[in-house]
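Engineer: Handing you a structure now.
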Amino acid sequence: GAVVSQHPSRVICKSGTSVKIECRSLDFQATTMFWYRQFPKQSLMLMATSNEGSKATYEQGVEKDKFLINHASLTLSTLTVTSAHPEDSSFYICSAPPQTSGSTDTQYFGPGTRLTVL
Amino acid sequence: GENVEQHPSTLSVQEGDSAVIKCTYSDSASNYFPWYKQELGKRPQLIIDIRSNVGEKKDQRIAVTLNKTAKHFSLHITETQPEDSAVYFCAAGGGSEKLVFGKGTKLTVNP
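Heads up: the protein sequence lines correspond to chains A and B, in order. At position 108 of the first sequence (counting the first as 1) the number is 1296 in my numbering, and the numbers step up by one without a gap. At position 57 of the second sequence (counting the first as 1) the number is 197 in my numbering, and the numbers step up by one without a gap.
Right, dumping it as structure tokens:
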């Protein structure tokens, strides 16, 4: 149980285009999902908290108009990188705590999406 | 907010030896401390976690200890194997608070 999927696993796009990344909880419901960004050989940096049925909560320094988050259902959250630039190239990972866990403690990660902006 | 420090940044051990990774946290309200293992290009995998009402937890070759007073927790891996080689991240949080991750420790187990 507690499987989280992400799609696509890898994407290459041209500068100025938008890219959508999907995060799905396959065998549990998640009212909250988290989006992280990870640069090579660095730690996981939380970008935003995605909340089903309400607006996402963004961390300080993360542009909400650039990184659009939509938590459409209890099993799906999407991150759209708008007008992507080469500096947006990174590994984007989502995580979700099973709703039945009673808190947002235990997080299970998706496999990540490698974004390369040319 | 919470701040998590993790040491060492790299650790190299011989197969069969023990490995210890230490983390400190700053927010006394944190009550959940997970450890994740991440292999190159893959997702972080939860390997063990501990809550603030427990001082130690063990799962086969892996153990975690927590000292709430000193605000530090440690990961102990015994009888290390080459497949234990990976980057390990500690984190602190709990309740409705987000998890804050340490910077990671690259563990290399030499055969």
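Here a beta-carbon is modelled for each residue, glycine too, at the ideal position from N, C-alpha and C. Note that the structure is a prediction, hence the values are computed from the model and not measured.
(1) Quick one: list the residues of chain A neighbouring Y228(B), beta-carbon separation under 9 Å, in chain order.
(2) Any beta carbon from chain B within less than 8 Å of S1231(A)'s own beta carbon?
(3) Between which residues of its own chain and R1187(A) is the CB-CB distance below 6 Å, once the five residues before and five after are set aside?
(4) List the whole-angstrom C-beta distance separating Q154(B) from A226(B), where the pair is believed to meet the contact cut-off of C-beta under 8 Å.
(5) Excluding the 5 residues preceding and the 5 following G195(B) in the sequence, name in chain order all residues of the same chain whose CB lies nearer than 7 Å to its CB.
(6) What are the residues of the segment 191-215 of chain B that lie near chain A, defined by any Cβ-Cβ distance shorter than 7 Å?
(7) I need the boundaries of the beta strand (DSSP E) containing P174(B), first residue and last residue.
(8) Which residues in the same chain have their Cβ closer than 6 Å to the Cβ of L1306(A), if we skip the five residues on either side of it in sequence?
(9) Check the DSSP bridge columns for S198(B) and list the partner residues they point to.
(10) Name the residues in the segment 176-190 of chain B whose C-beta lies less than 9 Å from a C-beta of chain A; which are they?
(11) Applying a beta-carbon distance threshold of less than 9 Å, which residues of chain A neighbour Y165(B)?
Structural biologist: Inspection of the coordinates gives the following:
(1) The contacting residues do not exist; Y228(B) stays about 11 Å from chain A at best.
(2) yes
(3) A question about residue 1187(A) goes unanswered here, because the residues of chain A that appear run from 1189 up to 1306.
(4) Incorrect: roughly 17 Å between the Cβ atoms, too far for contact.
(5) T205 and L206
(6) none
(7) Y172 to Q178
(8) K1202
(9) One detail in the question is off: residue 198(B) reads as Lys in this sequence, not Ser. BP columns for K198(B) point to A203(B).
(10) Y176, Q178, G181, K182, R183, P184, Q185, L186 and D189
(11) In chain order: nothing, as chain A lies at least about 14 Å away.
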